[in-house]
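Participant: Start counting the sequence shown at 18; every next residue gets the next number (my numbering). Positions of the beta carbon are idealized from the N, C-alpha and C atoms, including for glycine. Note that the structure is predicted; figures quoted are calculated from it, not measured.
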Amino acid sequence: MATSDLCNELQNDIELGPDLERKICAAVLKQLDDKSNDVQSIAVKCLGILVTKVQEKQVGDICEKLCDLIFTGKPELRDIYSIGLKTILTDVSQKTGASISTALCGRLLNGISHYADQAIKSETLDILTELLKRFGADFQSEHVAIMDLLLKELSDERAFVRKRVTSCLGALGVVAADALLHRLVEHLLQSVENNHEADKRTLIQTIGTLSRSVGHRLGRHLPVIVPLFLTFCGSPDDESMQNDVSNELRENCFQGLESFLLRCHAEITVHVKNIIATAMKFTKYDPNYMYDSENEDMDEDMDDEEQYSEPEDNDYSDDDDASWKVRRAALRVMSAVITTRPELLDDIYAECSEPLVSRFKEREESVRIDVFSVFSDLLRVTLVHLAPVSSGNPEAGGHPALVRQRSCGGQLHTRVGTILGAANKQLGPKISVATRCAVFGMLRELAQVEEGQLGPFMDSLMPNILKALEDRNSSLKLDALIFLRQLMATHEPSLFTKHMKAIVHLAVANANDEWYKIVAKSLSLVGTIVHVIRPSTGAVLAQDMAVFVQPLFNAVLPRLKAYDIDQEIKDGAIASMGLIISTIGDHLSSDDLNAVLPMILERMQNEITRIAAMKSLSTIARSPLPLDLSIILTDAIVCLSQLLRQQSRTLKQTALDTLIALVQSKGASVAAASLCDTIQEASALISDSDLQLSQLSLTLVSAILTTSPSAASDAVVVTKVLPNALLLSASALLQGPALEALFVLLRQLVAAESHG
Numbered sequence: 018m019a020t021s022d023l024c025n026e027l028q029n030d031i032e033l034g035p036d037l038e039r040k041i042c043a044a045v046l047k048q049l050d051d052k053s054n055d056v057q058s059i060a061v062k063c064l065g066i067l068v069t070k071v072q073e074k075q076v077g078d079i080c081e082k083l084c085d086l087i088f089t090g091k092p093e094l095r096d097i098y099s100i101g102l103k104t105i106l107t108d109v110s111q112k113t114g115a116s117i118s119t120a121l122c123g124r125l126l127n128g129i130s131h132y133a134d135q136a137i138k139s140e141t142l143d144i145l146t147e148l149l150k151r152f153g154a155d156f157q158s159e160h161v162a163i164m165d166l167l168l169k170e171l172s173d174e175r176a177f178v179r180k181r182v183t184s185c186l187g188a189l190g191v192v193a194a195d196a197l198l199h200r201l202v203e204h205l206l207q208s209v210e211n212n213h214e215a216d217k218r219t220l221i222q223t224i225g226t227l228s229r230s231v232g233h234r235l236g237r238h239l240p241v242i243v244p245l246f247l248t249f250c251g252s253p254d255d256e257s258m259q260n261d262v263s264n265e266l267r268e269n270c271f272q273g274l275e276s277f278l279l280r281c282h283a284e285i286t287v288h289v290k291n292i293i294a295t296a297m298k299f300t301k302y303d304p305n306y307m308y309d310s311e312n313e314d315m316d317e318d319m320d321d322e323e324q325y326s327e328p329e330d331n332d333y334s335d336d337d338d339a340s341w342k343v344r345r346a347a348l349r350v351m352s353a354v355i356t357t358r359p360e361l362l363d364d365i366y367a368e369c370s371e372p373l374v375s376r377f378k379e380r381e382e383s384v385r386i387d388v389f390s391v392f393s394d395l396l397r398v399t400l401v402h403l404a405p406v407s408s409g410n411p412e413a414g415g416h417p418a419l420v421r422q423r424s425c426g427g428q429l430h431t432r433v434g435t436i437l438g439a440a441n442k443q444l445g446p447k448i449s450v451a452t453r454c455a456v457f458g459m460l461r462e463l464a465q466v467e468e469g470q471l472g473p474f475m476d477s478l479m480p481n482i483l484k485a486l487e488d489r490n491s492s493l494k495l496d497a498l499i500f501l502r503q504l505m506a507t508h509e510p511s512l513f514t515k516h517m518k519a520i521v522h523l524a525v526a527n528a529n530d531e532w533y534k535i536v537a538k539s540l541s542l543v544g545t546i547v548h549v550i551r552p553s554t555g556a557v558l559a560q561d562m563a564v565f566v567q568p569l570f571n572a573v574l575p576r577l578k579a580y581d582i583d584q585e586i587k588d589g590a591i592a593s594m595g596l597i598i599s600t601i602g603d604h605l606s607s608d609d610l611n612a613v614l615p616m617i618l619e620r621m622q623n624e625i626t627r628i629a630a631m632k633s634l635s636t637i638a639r640s641p642l643p644l645d646l647s648i649i650l651t652d653a654i655v656c657l658s659q660l661l662r663q664q665s666r667t668l669k670q671t672a673l674d675t676l677i678a679l680v681q682s683k684g685a686s687v688a689a690a691s692l693c694d695t696i697q698e699a700s701a702l703i704s705d706s707d708l709q710l711s712q713l714s715l716t717l718v719s720a721i722l723t724t725s726p727s728a729a730s731d732a733v734v735v736t737k738v739l740p741n742a743l744l745l746s747a748s749a750l751l752q753g754p755a756l757e758a759l760f761v762l763l764r765q766l767v768a769a770e771s772h773g
């Protein structure tokens, strides 16, 4: 209790005298020997606070005392002493840590060299690693001594100690000078050639650790290191290497290769193809498990019903099998290749896409998720590098880069059925949630690349998508909602007709979910659904689709009314209601419309929701449906005109756009006085300081003159608009849409004058 009270007091802003500092430090150190684990834990916490309050000398004395206790104290309390020292290194200030680091380093090196006990060595090496990570740059004079001692300890016969030494060398590499680092690497490479097999593995693992830590600084050594790593990876069929030691070595090698790929772009180039070949072999390295032969054939078409039968849960667990770490490391190498080598996309598709798809059935979940992540990377990079083709210059059709892009896009397109077939097997309800979320993430990337081209496979995908929307897991439902909305927004509406009843039911149900993200995405889905049930607002709404109008409206209305909800839900409800009214508003009663339109106007007067409300009102105004907006029209025009005085550029831009939409569609119903007030507010924005706002303002004035020609003779046009327009016409900056809008307005004014 006393230690806890002391800990609380130390957190206050107090000053301790030298005598009191010594007494408190001694008392806290004594508590580390207490039999109670709770007291020990509080004492460790207290040390972390104490070192921020006492003088540097006291911090040094505490570290000295803890080192002595680690070396010669009670063995059963050694881990407590070690935790205490690590806590100090974490919490001490940079200035204090720098001043004590050299002395502490000397004590630790002395302990490593003089104490053979495995526990002492291990704890001391761990502490030295932490010291190097935080304060390594502050005692560079000790780096050579540290390196020499650690290289000596690498030959320790105990694997536990060697692993700690390897980690410590990795931390040293980060802070060591270039000359010392190169000397260290050259020593390790030379030792690899001279030592027997067991020692070589330790040395390779050490080089691998350094590669992960300082890969970008080892570029000059890659001609030796990369072939060495590939050699020690060996063959996946070599039964003599199917053990934990070899698995760890291979994992280390692949992690080093990944680091080089990410950080040594130029130097690694000549080795990339060999790295790809080796990594792909090990993505399927699973010596302790035999996959069903029928699953190996990935060439079946998606039309085969068996392809979509719900899979059994084929997760297999073997606590003693670490081969999954090798597969995961190999996959991450492939991810590094894909993201850093877009020029190899064509080759990657030709050599790696089908083998990667075949790994969708991976038994270890963490690796399976990585498989989908790697394939998502491939699709993401493909999308980026196909962009020039879709918007390309026809004269550049023979350019090698464009030919390559078309080639990789074509290869992907021919494999879509295979990809979807394998992915759909991993969407069944018996498959884990994490895997299904990863699949949806990958499918979103595929849908982006193959925009609108997944129609032939929609009937096969929909059952598992709908089941995911019914799942209890919120993350899965969210991913399914996002993917379904993406599909509905980019594919022919007719593809969803047979599933519309289930889609609407689930969208409405999820709009009442407890998690705000699901509610927001469900509201967005509702906005997409209305375009699917009525693709063209000029067409008659089919009778079988008309039954969905009221349920969709009723799903959004409560969220539109509510005030104490998340901002994302507010914006989603406002946007969705705008889409409902603009697309199927003629199937709503006048009471419904007259209830909702004032709500949108009210949201437009609220600072938090006004942007979303203006965009929603703009959508409604541009609808070709004969909608009666008279209940809010004049008030909306006045409100929007006043918003043109605000400082926010985005706000003014959105207000102008909404005013243009309202005036063009309903301007004839607005009083001339209100329109003249709007002209006056817009005229202030006609200048060359912001050509986009000028263009919108000119367009708004033109729209008003079109709907109300008599306004052309109004004083505000003559005294405000015309002078600003003429001043703008003399600007050297005037060009593009703003220039066109100015021509239109001047023609209208001239025509009005001639008629007058």
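1) With T781 and L186 assumed to form a contact (beta carbons below 8 Å), what rounded beta-carbon distance in angstroms separates them?
2) Return yes when the Cβ of G602 is within less than 9 Å of the Cβ of L569, no when it is not.
3) Let me check understanding here. Comparing Cα to Cα, which of C63, C42, R95 and D50 lies closest to Q72?
4) From A728 to T651, what does the alpha carbon distance come to, in whole angstroms?
5) Less than 9 Å between the C-beta atoms of L504 and A464, yes or no?
6) Enumerate in chain order the residues of its own chain whose CB-to-CB distance from E509 is below 7 Å, with the five nearest sequence positions on each side excluded.
7) How is S725 classed by DSSP in three states: helix, strand or coil?
8) Within its chain, find whatever has a CB closer than 8 Å to the CB of L239; leave out the 5 residues flanking it on each side and keep chain order.
9) Using alpha carbons as the reference points, say which of G90, I97 and T89 lies closest to N61.
10) Which parts of the region 80 to 108 are runs of the alpha helix (DSSP H), unbroken and 4 residues or longer, counting only runs that do not cross its ends?
11) Do G225 and N269 have their CB atoms nearer than 9 Å?
12) On the premise that L715 lies in contact with Q765, defined as a C-beta separation below 8 Å, what is that separation, rounded to the nearest angstrom?
13) Between the Cα of A822 and the Cα atoms of T356, T671, L373 and P304, which residue gives the shortest distance?
14) Roughly how many angstroms separate the alpha carbons of R175 and E140, rounded to a whole number?
15) Roughly how far, in whole angstroms, is the beta-carbon of I482 from the beta-carbon of L501, given that I think they are within contact range, below 8 Å?
16) With distances taken Cα to Cα, identify the nearest neighbour of I625 among D588, L596 and S635.
17) Rounded to the nearest angstrom, what separates R200 and A188 at their Cα positions?
18) Inspect the beta-carbon positions of M164 and L125 and report whether they are closer than 9 Å.
19) DSSP state of P740, grouped into three classes?
20) List the endpoints of the continuous alpha helix (DSSP H) containing T119.
21) The alpha helix (DSSP H) that contains M631, what's its start and end?
22) In whole angstroms, give me the CA-to-CA distance for I100 and L145.
23) Between the C-alpha atoms of A672 and A747, what's the straight-line distance to the nearest angstrom?
24) Are V231 and G190 close, meaning C-beta to C-beta below 9 Å?
25) Would you mind giving the Cβ-Cβ distance between V192 and L235, rounded to the nearest angstrom? I have them listed as a contact below 8 Å.
26) Does E311 come out as helix, strand or coil in the three-state DSSP assignment?
27) Less than 6 Å between C-beta atoms, sequence neighbours within five positions excluded: which residues of the same chain meet that for M562?
28) Run through DSSP, which three-state label would N529 get?
29) Within the continuous alpha helix (DSSP H) that includes F271, where are the two ends?
30) Out of curiosity, what's the CA-to-CA distance linking L744 and S704?
31) So I105 and V68 are supposed to be a Cβ contact under 8 Å. How far apart are they, rounded?
32) Any idea if V564 is buried or exposed, counting beta-carbon neighbours within 10 angstroms, 16 or more meaning buried?
33) Taking only three categories from DSSP, how would you classify S390?
34) Distance, Cα to Cα, E382 vs I448?
35) Give a yes or no on whether the C-beta atoms belonging to A678 and R639 are separated by under 9 Å.
36) With DSSP run on the structure shown, which of helix, strand or coil describes H508?
Facilitator: Put simply:
1) Only positions 18 to 773 of the chain appear in the structure, and residue 781 is not among them; the question remains open.
2) no
3) C42
4) 17 Å
5) yes
6) G472
7) coil
8) F277, C281, E284, I285 and H288
9) Sequence check: residue 61 is Val here, not Asn. Residue I97 is the option with its Cα nearest to V61.
10) 95 to 108
11) yes
12) The Cβ separation is near 10 Å, so there is no contact.
13) In the structure displayed, the chain extends from 18 to 773; residue 822 sits before or after that span and is not available.
14) 14 Å
15) 6 Å
16) D588
17) 16 Å
18) no
19) helix
20) Q111 to H131
21) R627 to A638
22) 13 Å
23) 27 Å
24) yes
25) Between L235 and V192 the Cβ distance is about 15 Å, and since that is not below 8 Å, they are no contact.
26) Summary for E311: the model assigns pLDDT 43, below 50, so the residue's position carries little reliability; its value from the coordinates is reported in the next sentence. In the structure shown, E311 sits in a helix (DSSP, three-state: H, G or I).
27) I550
28) coil
29) D261 to R280
30) 8 Å
31) 5 Å
32) exposed
33) helix
34) 10 Å
35) yes
36) coil
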